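Protein chains: 2
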Amino acid sequence: MSIKPVAGHEPPYYAVVFTSVPTGRPEGYGETAERMKELVAEVPGFLGYESARTPGGLGITVGYFRDEESIATWQRNLEHQAAQKRGRAEWYESYSVHVAKVERSYDFERE
Amino acid sequence: MSIKPVAGHEPPYYAVVFTSVPTGRPEGYGETAERMKELVAEVPGFLGYESARTPGGLGITVGYFRDEESIATWQRNLEHQAAQKRGRAEWYESYSVHVAKVERSYDFERE
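Residue numbers (the UniProt record's numbering), protein chains in the order written: chain X, 1 to 111; chain F, 1 to 111.
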């Protein structure tokens, strides 16, 4: 997990917000999540990734991409598709995905 | 905190992604966060809110709004502005905000 927020990029770019409630059966989840982080970093136009999970509660992951084509490349990845399928079968009680075009961004860093 | 993901709405709508690293000086933060949740819920066009924080790590909050006008209404709120100022002075080491127009969304719920 990144310990720094992903800084804003020159807009427009895309944010894919993935919000999930876990089933409490995490077998295999950690390894798969690590593998997905490696894989997505290889996608041309991938800008960054951030993730937070409240213990026992909601998880939110946001992936940032340069354009629609970079999102489509990631969606076509077969290992990613297999992980999504396993997620629906085992890991997630529910989730929502919001695909959004970032129009502006702000960053703050303590001096 | 919501325990369910905010479901997708009819696009387009807006997602405001707020990612933050806390300073470790949370005095007053909890009360203010609760107050902000009450206040934002009164904004016309506010669609929902979800938040997750990894202990000792990154926090991600996503607010969903119907349109730019509803975001602007929230930004103009004076109590919200005071909370943002206090956040920069006390609570946050760093943060990023991404304002994004949601083009499509997907929901999954276990049957």
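We put the CB at the ideal spot given by N, CA and C, even for glycine. None of these values were measured; they are calculated from a predicted model.
With its beta carbon less than 8 Å from one in chain F, L58/X belongs to the interface. Within chain F, A100, K101 and E103 have C-beta atoms less than 7 Å from the C-beta of K101/X, given in sequence order. The criterion of a C-beta distance shorter than 8 Å is not satisfied by E103/F and K85/X.
Per DSSP, V43/F is not a residue of any alpha helix (DSSP H), being assigned neither H nor E. Taking each of P12/F, V6/F and P26/F in turn and checking the Cα distance to R88/F, the smallest one comes out for P26/F.
What A41/F touches in chain X, judged by beta-carbon distance under 8 Å, is nothing: the nearest beta carbon there is about 18 Å away.
Along the region 60-89 of chain X, going in chain order, the ones with a CB nearer than 7 Å to a CB of chain F are I60, V62 and R88. Its chain contains N77, E79 and H80 as the residues whose beta carbon lies nearer than 7 Å to that of L39/F, once the 5 sequence neighbours on both sides are disregarded; these appear in chain order. Between Y95/F and H9/F, the C-beta gap is not smaller than 8 Å, which leaves the two residues out of contact.
Among the bridge pairs identified by DSSP, A15/F is matched with Y64/F and A100/F.
Residue contact check for F46/F against chain X: no CB pair falls below 8 Å.
When secondary structure is reduced to three states using DSSP, R110/X falls in the coil class, being assigned neither helix nor strand. Against chain F, the CB of A7/X has a partner CB under 8 Å away; the residue lies at that interface.
In terms of Cβ geometry, R35/X and E93/F do not form a close pair [threshold 8 Å].
Counting along the chain, the unbroken alpha helix (DSSP H) around A83/F starts and ends at L78 to R86. Against Y92/F, the close residues of chain X are F108 and R110, in the order they occur along the chain (beta-carbon pairs closer than 8 Å).
Using beta-carbon distances, E34/X does not count as an interface residue toward chain F, since no partner is under 8 Å. Shown here, E50/X sits in a strand according to DSSP, grouped into three states.
Per the DSSP secondary-structure output, G59/X pairs in a beta bridge with S20/X and R53/X. Between A7/X and V62/X, the C-beta gap is not smaller than 8 Å, which leaves the two residues out of contact. For S105/X, the beta-bridge partners assigned by DSSP are H98/F. Residues of the same chain with a CB within less than 7 Å of the CB of G45/X, apart from the 5 flanking positions on each side, are F65, R66, D67, E69 and S70 in chain order.
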